[in-house]
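Protein chains in written order, with this note's numbering: chain A, 2 to 358; chain B, 53 to 343. One structure is given below, encoded as structure tokens.
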Amino acid sequence: MDTSRERDQSIERLLRQSLQTPRPDGATDSCLDAETLAAWIDGGLSGAALEMAQTHVADCARCQSMVGAMARTNAVVAQPEPERGLRRWLPWLVPLTAAAAAVVLWVAVPGDLSTPQRPAEEVQTQTAKTNAQEPSLDNQGQGQTGRAETGAASSADKKAETQAIAPELRKEVGRLEADRLQRQDAAAAPAVTLRSAPAAATPPAAVAAEAAAPAAAAPPATPGAEGARLARSANGVVGTITGANQIVSPNPSIRWRIAGSVVEHSTDGGSSWTAVPTGIAAELTAGAAPSTLVCWLVGRGGVVLLTTDGRTWRRVAFPEITDLSAVRATDARTASVSTADGRILTTSDGGVTWERR
Amino acid sequence: MPIDGKLVDRLYRQASAERWRVPVHRFAEALEASAGHERAGAQSGELERYLTALHLEDLALACACAAGDESAWEHFILEQRPFLYRAADALDPGGGARDLADSLYAELFGLRDRAGERQSLFRYFHGRSSLTTWLRAVLAQRHVDRLRTNRRLEALPDEDSSDALPAPSSPVEPERYRYLELIRQTLERAVAHLPPRDRLRLACYYAQELTLAETGRLLGEHEATSSRQLARTRRAIRDDVERQLRGECGLTDAEVAQCFASVSQDAGPLDLKQILDVGSGRKESAPDRSS
Numbered sequence: 002m003d004t005s006r007e008r009d010q011s012i013e014r015l016l017r018q019s020l021q022t023p024r025p026d027g028a029t030d031s032c033l034d035a036e037t038l039a040a041w042i043d044g045g046l047s048g049a050a051l052e053m054a055q056t057h058v059a060d061c062a063r064c065q066s067m068v069g070a071m072a073r074t075n076a077v078v079a080q081p082e083p084e085r086g087l088r089r090w091l092p093w094l095v096p097l098t099a100a101a102a103a104v105v106l107w108v109a110v111p112g113d114l115s116t117p118q119r120p121a122e123e124v125q126t127q128t129a130k131t132n133a134q135e136p137s138l139d140n141q142g143q144g145q146t147g148r149a150e151t152g153a154a155s156s157a158d159k160k161a162e163t164q165a166i167a168p169e170l171r172k173e174v175g176r177l178e179a180d181r182l183q184r185q186d187a188a189a190a191p192a193v194t195l196r197s198a199p200a201a202a203t204p205p206a207a208v209a210a211e212a213a214a215p216a217a218a219a220p221p222a223t224p225g226a227e228g229a230r231l232a233r234s235a236n237g238v239v240g241t242i243t244g245a246n247q248i249v250s251p252n253p254s255i256r257w258r259i260a261g262s263v264v265e266h267s268t269d270g271g272s273s274w275t276a277v278p279t280g281i282a283a284e285l286t287a288g289a290a291p292s293t294l295v296c297w298l299v300g301r302g303g304v305v306l307l308t309t310d311g312r313t314w315r316r317v318a319f320p321e322i323t324d325l326s327a328v329r330a331t332d333a334r335t336a337s338v339s340t341a342d343g344r345i346l347t348t349s350d351g352g353v354t355w356e357r358r
Numbered sequence: 053m054p055i056d057g058k059l060v061d062r063l064y065r066q067a068s069a070e071r072w073r074v075p076v077h078r079f080a081e082a083l084e085a086s087a088g089h090e091r092a093g094a095q096s097g098e099l100e101r102y103l104t105a106l107h108l109e110d111l112a113l114a115c116a117c118a119a120g121d122e123s124a125w126e127h128f129i130l131e132q133r134p135f136l137y138r139a140a141d142a143l144d145p146g147g148g149a150r151d152l153a154d155s156l157y158a159e160l161f162g163l164r165d166r167a168g169e170r171q172s173l174f175r176y177f178h179g180r181s182s183l184t185t186w187l188r189a190v191l192a193q194r195h196v197d198r199l200r201t202n203r204r205l206e207a208l209p210d211e212d213s214s215d216a217l218p219a220p221s222s223p224v225e226p227e228r229y230r231y232l233e234l235i236r237q238t239l240e241r242a243v244a245h246l247p248p249r250d251r252l253r254l255a256c257y258y259a260q261e262l263t264l265a266e267t268g269r270l271l272g273e274h275e276a277t278s279s280r281q282l283a284r285t286r287r288a289i290r291d292d293v294e295r296q297l298r299g300e301c302g303l304t305d306a307e308v309a310q311c312f313a314s315v316s317q318d319a320g321p322l323d324l325k326q327i328l329d330v331g332s333g334r335k336e337s338a339p340d341r342s343s
């Protein structure tokens, strides 16, 4: 069988295969120095300088590696900065509080559980309303001061700030929703009961729609939202997936979190974290922890990791080199993994064999 | 390149450079070095815009640290060390990059005296990025160079065999290896024909395994655009490969199908990094746009 889709996959496979063989070559005079690379990353390059940098890196393995290394440190470095973080979040305090309140209310008031998307919609509506009010306040300020130019700059800054915060807000909303779903699961299945997965689960409509999309290989943009969606669709799954890249075990004190290829472990509910080596460099995208010692992680390029003692990880063989977007697990042997293009593969022997569903 | 005194004073205040007791002339030298490095300042307006956009507070801190100001050093260590260590751990979760991070401090402090003057690594910081990003870039550069050096020191396979496909472990049809070789060559050419920006996007996504968001950020485009462009590039590569297989290699449709089928089983060690480098030879023959 040789379909157009399979040919596309072959091309992608060919491109991915290249990662296996490193190519030795040295630095040249035109290689980017660290200062230029940093300027590029921080948006300090423009025009000819930026074009020159991009053109060079397009063909230079060393500089590509440097760019890759920089990207791998982005997520980790971006984590703390408490002061700046607080300052950036301050304008969002009200909408986030409103969002949290909406979610809490929704959880507290019993309703129809068959329509779980409603709170997220409400939250988004609240947020949208709040967003809609902000520019008008800016305009008022401009009108009063009469400093049109300064006001425009301030408005542009505000817009940039808003754009920068939007993903964080989305992630936060995803986290809130995932927390709600977690509580639902806990209410439906008290303690750590393992429920069997449905025999022939139909992929959720959203996932099916993704599979039909042209850019099928694209990994999900928001792992938290993806996790929440998966959790929503997976009645009877014990592994808990939350947003913000945290994987909470049935005992909330025990949890893991992922950032890029880095995995951290917490035994005090997330107050402190310890990095745990995994030996892989691929970006991890999702995880599921069916017990306090067992955790499954998945990532790009068919990476599947499993720990059965909470701290040491082993790579589980996966039959495809493809981006993985989600995982559900009931124990150390049984797990279902979703690929970025919407397919689901399951194992019931700890990853020795995989079956397509 | 002398900078107007009033502008220097304004930038000095903006940088809060007096906090670290940085002499104004030292700060002015740093500004001039930065402008000279960027070759900015053909017109005074352009120079002012460039200088105003710099990370001035970080530049002042770097000046003070380079001069050995104790309170500046204390502040620098306190602020930057956690970032540096986290970056090192992200580069090598096994802790192997921490020694690189530690060794940076010695160079930043400037132990090597030259003509009685301490030469600090800070002199390479020009304020076009934050100090944190610059430190990460220096660390990333050291890390990558060390990896590449170690790789060179490892026993490399023979030159002749490094690109060769592995010997089949079991007798298989020779046609399959012919197809693999053909598709490998055509893919190489197809990638070389792409514009540099498309090759960069491919390299980021497939060779460096950046996410779409990271790739987009680097290329100054939205991640959805990166996704679309990647899909478009893949389609273009596939079309080019098919065209070459039919036209230049003279394969029939059935044989082209077999080429793709052979890939779906096992492509062998194909090196996109090597393929992407093909473009560099082509590009270097083009007029140099860097001067």
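Note that beta-carbon positions come from the ideal geometry of N, C-alpha and C, so glycine has one too.
If you follow the beta strand (DSSP E) that residue i is in, where does it begin and where does it stop?
{"i": "residue 260/B", "result": "Note, residue 260/B: premise wrong, no beta strand (DSSP E); not H, not E."}
{"i": "residue 260/A", "result": "256-260"}
{"i": "residue 265/A", "result": "263-267"}
{"i": "residue 316/A", "result": "315-317"}
{"i": "residue 67/B", "result": "Taken as a continuous stretch (DSSP letters only), residue 67/B belongs to no beta strand (DSSP E), as it is neither H nor E."}
{"i": "residue 37/A", "result": "Counting along the chain, residue 37/A falls outside any beta strand (DSSP E), though it belongs to the alpha helix (DSSP H) covering 35-42."}
{"i": "residue 326/A", "result": "325-330"}
{"i": "residue 306/A", "result": "305-308"}
{"i": "residue 337/A", "result": "336-340"}
{"i": "residue 282/A", "result": "Per DSSP, residue 282/A belongs to no beta strand (DSSP E) and is neither H nor E."}
{"i": "residue 294/A", "result": "It is not in any beta strand (DSSP E) - residue 294/A carries neither H nor E in the DSSP assignment."}
{"i": "residue 55/B", "result": "Per DSSP, residue 55/B belongs to no beta strand (DSSP E) and is neither H nor E."}
Using a Cβ-Cβ cut-off of 7 Å (strictly less than) and excluding sequence neighbours within five positions of residue i, which residues of its own chain qualify?
{"i": "residue 294/A", "result": "309, 310 and 311"}
{"i": "residue 68/B", "result": "109 and 112"}
{"i": "residue 40/A", "result": "46"}
{"i": "residue 174/B", "result": "114, 117, 118 and 160"}
{"i": "residue 65/A", "result": "58"}
{"i": "residue 253/A", "result": "270"}
{"i": "residue 89/B", "result": "178"}
{"i": "residue 71/A", "result": "38 and 42"}
If I follow the unbroken alpha helix (DSSP H) through residue i, where does it start and stop?
{"i": "residue 115/B", "result": "108-118"}
{"i": "residue 355/A", "result": "Neither: residue 355/A is in no alpha helix (DSSP H) and is coded neither H nor E."}
{"i": "residue 243/B", "result": "226-244"}
{"i": "residue 299/B", "result": "275-299"}
{"i": "residue 132/B", "result": "122-143"}
{"i": "residue 12/A", "result": "5-18"}
{"i": "residue 152/B", "result": "150-161"}
With a threshold of 8 Å between beta carbons, is residue i in contact with chain E?
{"i": "residue 38/A", "result": "Absence of chain E from the displayed structure is noted, the protein chains being A and B."}
Could you tell me which of the options sits nearest to residue i, measuring between CA atoms?
{"i": "residue 251/B", "options": "56/A, 273/A, 347/A and 358/A", "result": "56/A"}
{"i": "residue 169/B", "options": "261/B, 119/B and 180/B", "result": "119/B"}
{"i": "residue 278/B", "options": "299/B, 253/B, 288/B and 286/B", "result": "253/B"}
{"i": "residue 287/A", "options": "248/A, 303/A, 316/A and 275/A", "result": "248/A"}
{"i": "residue 258/B", "options": "281/A, 307/A, 316/A and 18/A", "result": "18/A"}
{"i": "residue 314/B", "options": "136/B, 295/B and 236/B", "result": "236/B"}
{"i": "residue 297/A", "options": "343/A, 254/A, 60/A and 351/A", "result": "351/A"}
{"i": "residue 242/B", "options": "297/B, 267/B and 158/B", "result": "297/B"}
{"i": "residue 147/B", "options": "155/B, 137/B and 156/B", "result": "137/B"}
{"i": "residue 260/A", "options": "263/B, 247/B and 306/B", "result": "263/B"}
{"i": "residue 334/A", "options": "290/A, 74/A and 68/A", "result": "290/A"}
I want to verify the contact list: residues of chain A whose CB lies under 8 Å from the CB of residue i, in sequence order.
{"i": "residue 266/B", "result": "72 and 75"}
{"i": "residue 195/B", "result": "70"}
Under 7 Å between beta-carbons, which chain A residues line up against residue i? List them in chain order, please.
{"i": "residue 178/B", "result": "36"}
{"i": "residue 315/B", "result": "11, 14 and 15"}
{"i": "residue 182/B", "result": "43"}
{"i": "residue 185/B", "result": "39, 42 and 43"}
Starting from the beta carbon of residue i, find every residue of chain B whose beta carbon is closer than 9 Å, and list them in chain order.
{"i": "residue 357/A", "result": "Under the 9 Å cutoff, chain B gives no residues; its nearest Cβ is about 15 Å from residue 357/A."}
{"i": "residue 308/A", "result": "Here the premise fails: no neighbours, minimum Cβ distance about 14 Å."}
Counting only Cβ pairs nearer than 8 Å, list the residues of chain B close to residue i.
{"i": "residue 55/A", "result": "248, 249, 252 and 271"}
{"i": "residue 63/A", "result": "196, 197 and 200"}
{"i": "residue 362/A", "result": "Lying outside 2 to 358, the shown extent of chain A, residue 362/A is not represented and no answer is given."}
{"i": "residue 299/A", "result": "The contacting residues do not exist; residue 299/A stays about 14 Å from chain B at best."}
{"i": "residue 261/A", "result": "142"}
Excluding the 5 residues preceding and the 5 following residue i in the sequence, name in chain order all residues of the same chain whose CB lies nearer than 6 Å to its CB.
{"i": "residue 8/A", "result": "none"}
Which chain B residues sit within Cβ distance under 7 Å of residue i?
{"i": "residue 284/A", "result": "261 and 263"}
{"i": "residue 279/A", "result": "145"}
Going along chain A in order, which residues have a C-beta closer than 9 Å to the C-beta of residue i?
{"i": "residue 256/B", "result": "58, 65, 68, 69 and 72"}
Ignoring anything shorter than 4 residues or poking outside the region 48-82 of chain A, list the alpha helix (DSSP H) runs there in chain order.
-> List check, alpha helix (DSSP H) in window: 48-60 and 62-78.
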